[in-house]
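Enquirer: The sequence shown runs 0 to 583 under numbering that gives the first Met the number 0.
Beta carbons: idealized from backbone N, C-alpha and C, even for Gly.
Note that the structure is a prediction, hence the values are computed from the model and not measured.
Here you go, one structure.
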Amino acid sequence: MFYTIRWKLTAAFLLVALVAIGILGLYLSNWAEGYYVRALTADLVADSKLVGRLSSPLLNDLPKLGKLARSVSEDEQLRVTIVRPDGKVTADSHRNITTMENHGGRPEVRDALAHGVGTSIRYSKTIRTRMLYVATRIGSEDHPTGVSRVSKSLEKVDQARSAIHHVFLFGAMLSVLLAGIAGAWVAKRIGAPIHEMGMVARRMARGELGHSVKIPKGPHDEIDDLAATLNASAIELTRMMEELTGEKSKLQTILDRTDDGIMVVDHDACVRMANPAAAEYFQTSLGQLKGKTIIESSLSHDLAKLVERVLKSGEPASLEIELTQPKDTFLNVYVAPLGDAGVVVVMHDLTAAKRTDILRRDFVANVSHELRTPLATIKAMAETIVLRAKKDPQIADDFARKIMTEADRLTAISEDLLDLAKIESGRRAIRTEVFALSEVAGRTLSGFAHRAERKEIQLAIEIPSGLKVNADSEVTHQVLANLIDNALKYTPQGGRVLVSAEEAGGHVAVRVSDTGMGIPSADLPRIFERFYRVDKARSRDSGGTGLGLSIVKHLVEAHGGRVSVESQPGVGTTFTFTIQSPPM
């Protein structure tokens, strides 16, 4: 409130009135006191000289001198004191001279001896009021015989000054009241439209451009002209804001929808604007990205150096970089200058292409490696048959059987590769239905019963008969078959394989546990890769293609589930995958 223009104008009126009344009152008070003191001093000088002349013959007759002092004091209502040149008091109308101290140090006495007349005003402890002291020299300047001093109370002067103060205090209060009323009226006339314009301006600053200032009819002053200008500005701003909002909306939509990361970096290498794709590349939020430097945001010295080079040279440049933190990401970065705004950084993600290329090379290498061994074996056995079949028909028969085994292995690899390709390309249709999980699991286990009996491995199932799932029964059977097949391969004679399931949080967790050789912790992150084997020699001897777990992973994820593994070498392994529960 105290900072409004109404208060300031009112306060200005009040301050002017107070200062004017105060200065006038102080001046009149001082003038009245001075006038009265000067008049009283003139009278006291005359009285002092008269006392001096009367007391001059009696200076050595102290009783008569004292009587004279008292007589004059009673007639003139004054205090009369006679002082010798050495300061000793020889007569006083009000006190006993024997108890009075030396008056040689009184300023009026010193001035009277030196100049003939001396005056002084000071507070008298005797009568507890201010006193005016006037002293005149008795005798000549060269041979002074004493000092005649008279004094009179200034109580009437103080009373007059107090009366003046009361009058001026009343006048000041009345003037302040009138000035306050006048100031408030003027402040209202001036401040009200300014206050209204301020409110409209604040609303405009908040984006509320639909408000305007009311302009009174009739002649317009400067404030009305200012209000009209403000209204016109609001209309123009509304039009411009609508245009800017439309353009900003289009630009923001483009920035948000584009897959490329875009940033605007100022000349201090700080990010001033970015789109969600750029924040996703650096695994952070837009709020945390803005305001940070390039090196703080990306942790990439290559990107920081590229931006710095374009900022210095003013020429666009591009570079393919790799971000290693927080994850490996390959980017093709193009940086172009924006003048005073800095530079724009456009980042295109090459990670998928790079990974696809790496996977393609690895896949070709793995397939070549997996096919080379059985092909080489088939070729060697065929050559042996050609060379020794006539001499040893039994060798030809044995090697022919081994060729058939390797051919079956090649066929299994080809079938798994084709199956995996169908799953990855989406050509393997998923047909979901609600069925009892225990029935599919029981059917799958029965297919491995004979094989388990040969190895003396116990096959067990612990799935509630009423537990149902919403999935593709054939896919579920294939996943279980691959996991059970692996469990039988790597579980020694006399072991146990258990298939169990339980419902948890809207899905069903299915577990296939064995008491086999287990998997080292270093190999666990890679066991779902194509052709990855923990024990390559044993895997090939058991007839594995190295693609079973990769197929399991893709089939489970195609259902919207997840697959995981827990293992302890020498104790056993548990594979867990999730499938959806039936809808409520």
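With burial defined as no fewer than 16 other Cβ atoms inside 10 Å of the residue's Cβ, what is the status of Ala-351: buried or exposed?
Expert: Position 352 of the sequence shown, counting from 1, holds the residue named residue 351. With fewer than 16 Cβ atoms within 10 Å of its Cβ, Ala-351 is classed as exposed.
Enquirer: Can you tell me where the alpha helix (DSSP H) with Ala-440 in it begins and where it stops?
Expert: Position 441 of the sequence shown holds residue 440. Residues 436-445.
Enquirer: Around the C-beta of Phe-169, are 16 or more other C-beta atoms found within 10 angstroms, so that it is buried, or is it exposed?
Expert: For the purposes of this step, residue 169 is taken as the residue at position 170 of the sequence shown. Result: exposed.
Enquirer: Assess, as a yes-or-no matter, whether the segment 497-516 is touched by the segment 563-581 under the definition of 3 or more beta carbon pairs within less than 8 Å.
Expert: yes
Enquirer: How about Val-334 and Leu-298: do their beta carbons lie closer than 8 Å?
Expert: Here residue 334 corresponds to residue number 335 of the sequence shown, with the count starting at 1. Here residue 298 corresponds to residue number 299 of the sequence shown, with the count starting at 1. No, the pair does not count as a contact, with Cβ atoms beyond the cut-off.
Enquirer: Give me the Cβ distance between Leu-548 and Ile-526, rounded to the nearest whole Å; I'm assuming they're in contact under 8 Å.
Expert: Stepping through the sequence shown from its first residue, residue 548 is reached at position 549. Stepping through the sequence shown from its first residue, residue 526 is reached at position 527. With 8 Å as the limit, Leu-548 and Ile-526 qualify as a contact, their Cβ atoms being about 6 Å apart.
Enquirer: Among Ile-320, Ala-448, Lys-66, Ile-163, which one has its Cα closest to the Cα of Asn-29?
Expert: The residue given as residue 29 occupies position 30 in the sequence shown. Looking at the Cα atoms, Ile-163 is the closest of the given residues.
Enquirer: Can you tell me whether DSSP reads Asp-255 as helix, strand or coil?
Expert: Counted from its first residue, the sequence shown places residue 255 at position 256. Helix.
Enquirer: Closer than 8 Å, CB to CB, is Pro-463 near chain B or not?
Expert: In the structure shown, chain B does not exist; there is a single protein chain.
Enquirer: Beta carbon of Leu-236, beta carbon of Met-203: below 8 Å?
Expert: The residue given as residue 236 occupies position 237 in the sequence shown. The residue given as residue 203 occupies position 204 in the sequence shown. Yes, they are a contact pair.
Enquirer: Please state the DSSP three-state secondary structure of Glu-140.
Expert: Residue mapping note: residue 140 aligns to position 141 of the sequence shown, counting from 1. It is coil, neither helix nor strand.
Enquirer: Taking only runs that begin and end inside the segment 273-297, name each unbroken alpha helix (DSSP H) of 4 or more residues, in chain order.
Expert: 275-280, 285-288, 293-297
Enquirer: Cα separation between Lys-488 and Leu-497?
Expert: By 1-based counting over the sequence shown, the position of residue 488 is 489. By 1-based counting over the sequence shown, the position of residue 497 is 498. Near 14 Å, if we compare the C-alpha coordinates of Leu-497 and Lys-488.
Enquirer: When you compare only the Cα positions, how much space is there between Ala-68 and Asp-91?
Expert: As a first step, residue 68 is located in the sequence shown; it is residue number 69 there, counting from the start. As a first step, residue 91 is located in the sequence shown; it is residue number 92 there, counting from the start. Approximately 6 Å between the Cα atoms of the pair.
Enquirer: Could you tell me the alpha carbon to alpha carbon distance between Val-15 and Ile-22, rounded to whole angstroms?
Expert: Translated into positions along the sequence shown, residue 15 becomes position 16. Translated into positions along the sequence shown, residue 22 becomes position 23. Cα to Cα, the separation comes out at about 11 Å.
Enquirer: Whose C-beta lies closer than 6 Å to the C-beta of Met-516 among residues of the same chain, with five residues either side of it excluded?
Expert: Translated into the one-based positions of the sequence shown, residue 516 becomes position 517. If we look at Met-516 and ignore the five residues flanking it on each side, its Cβ neighbours are Tyr-489.
Enquirer: What is the DSSP secondary structure of Phe-329, reduced to helix, strand or coil?
Expert: Looking up residue 329 in the sequence shown gives position 330. Three-state DSSP puts Phe-329 in a strand.
Enquirer: Checking 8 Å against the spacing of the C-beta atoms, do Gly-86 and Val-116 come in under that value?
Expert: Residue mapping note: residue 86 aligns to position 87 of the sequence shown, counting from 1. Residue mapping note: residue 116 aligns to position 117 of the sequence shown, counting from 1. No, the Cβ-Cβ distance between Gly-86 and Val-116 is not below 8 Å.
Enquirer: Run the CB neighbour count on Asp-471, radius 10 Å, all protein chains shown included, and call it buried at 16 or more, exposed below.
Expert: As a position in the sequence shown, residue 471 is number 472, starting the count at 1. Its Cβ being crowded by 16 or more others within 10 Å, Asp-471 is buried.
Enquirer: Going by C-alpha distance, which of Gly-145, Ile-483, Thr-135 is nearest Val-551?
Expert: Residue mapping note: residue 551 aligns to position 552 of the sequence shown, counting from 1. It is Ile-483 whose Cα lies nearest to the Cα of Val-551.
Enquirer: With DSSP collapsed to three states, give me the class of Asp-540.
Expert: Taking the sequence shown and counting its residues from 1, the one referred to as residue 540 is at position 541. Residue placement at Asp-540 is flagged as unreliable, the pLDDT there being 46, under the threshold of 50; the coordinate-derived value follows with that caveat. Helix.
Enquirer: Using a 10 Å radius around the Cβ and a threshold of 16 neighbouring Cβ atoms, would you call Leu-43 buried or exposed?
Expert: In the sequence shown, residue 43 corresponds to position 44, counting from 1. Buried, since its Cβ has 16 or more Cβ neighbours within 10 Å.
Enquirer: Can you tell me whether Lys-151 is buried or exposed, with buried defined as 16 or more other CB within 10 angstroms of its CB?
Expert: Here residue 151 is taken as the residue at index 152 of the sequence shown, counted from 1. The residue is buried, with at least 16 neighbouring Cβ atoms inside 10 Å.
Enquirer: Can you tell me where the beta strand (DSSP E) holding His-347 begins and where it ends?
Expert: Reading the sequence shown from its first residue, position 348 is the one you call residue 347. 342-348 is the span of the beta strand (DSSP E), which, as asked, contains His-347.
Enquirer: What's the gap between the Cα of Lys-66 and the Cα of Asp-157?
Expert: Counting from 1 along the sequence shown, the entry for residue 66 is found at position 67. Counting from 1 along the sequence shown, the entry for residue 157 is found at position 158. For Lys-66 and Asp-157, the distance between alpha carbons rounds to 31 Å.
Enquirer: If you drop the 5 nearest sequence neighbours on each side, which residues of the same chain put their C-beta closer than 7 Å to that of Ala-316?
Expert: Taking the first residue of the sequence shown as position 1, residue 316 is located at position 317. Closer than 7 Å at the Cβ level, and outside the excluded window around Ala-316, lie Leu-305, Arg-308, Val-309, Val-334.
Enquirer: Out of Lys-249, Leu-225, Ile-320, which one is the CA nearest neighbour of Gly-197?
Expert: Start at 1 with the first residue of the sequence shown, and residue 197 comes out as number 198. Looking at the Cα atoms, Leu-225 is the closest of the given residues.
Enquirer: For Gly-560, is the classification buried or exposed, using 16 other Cβ atoms within 10 angstroms of its Cβ as the cut-off for buried?
Expert: What you label residue 560 is simply residue 561 of the sequence shown in a count that begins at 1. Buried: at least 16 other Cβ atoms inside 10 Å.
Enquirer: Across which residues does DSSP place Leu-132 in a beta bridge pair?
Expert: As a working mapping, residue 132 is identified with position 133 in the sequence shown. The amino acid at residue 132 is misidentified as Leu; the sequence shows Tyr. Ser-119, Ser-150, per the DSSP bridge assignment.
Enquirer: State the DSSP-derived secondary structure class of Arg-308, mapped to helix, strand or coil.
Expert: Here residue 308 refers to the residue found at position 309 when the sequence shown is read from its first residue. When DSSP states are grouped into helix, strand and coil, Arg-308 belongs to the helix group.
Enquirer: May I have the straight-line CA-CA distance separating Met-0 from Ala-11, to the nearest angstrom?
Expert: By one-based count along the sequence shown, residue 0 stands at place 1. By one-based count along the sequence shown, residue 11 stands at place 12. A caution first: Met-0 carries a pLDDT of 48, below 50, which makes its placement in the model too unreliable to give a value.
Enquirer: Output the residue ranges of the beta strand (DSSP E) runs that lie fully inside the segment 452-540 and measure 3 residues or longer, sorted by chain position.
Expert: Segments of the beta strand (DSSP E) lying fully in the segment 452-540: 457-461, 467-470, 495-503, 506-513.
Enquirer: Consult DSSP for Thr-323 and reduce its assignment to one of helix, strand or coil.
Expert: Numbered from 1 along the sequence shown, position 324 holds the residue referred to as residue 323. The three-state reading of DSSP puts Thr-323 in coil, since its state is none of H, G, I, E or B.
Enquirer: How far does the beta strand (DSSP E) with Arg-78 in it reach, from first residue to last?
Expert: Numbered from 1 along the sequence shown, position 79 holds the residue referred to as residue 78. Start and end: 78-82.
Enquirer: Could you tell me the distance, in whole angstroms, from the CA atom of Arg-539 to the CA atom of Ser-566?
Expert: The residue you call residue 539 lines up with position 540 of the sequence shown. The residue you call residue 566 lines up with position 567 of the sequence shown. Its pLDDT being 46, under 50, Arg-539 is placed unreliably in this model, and the coordinates cannot settle the point.
Enquirer: Is it true that the CB of Ile-377 sits closer than 8 Å to the CB of His-558?
Expert: For the purposes of this step, residue 558 is taken as residue 559 along the sequence shown, with counting starting at 1. For the purposes of this step, residue 377 is taken as residue 378 along the sequence shown, with counting starting at 1. Not in contact: His-558 and Ile-377 (Cβ atoms no closer than 8 Å).
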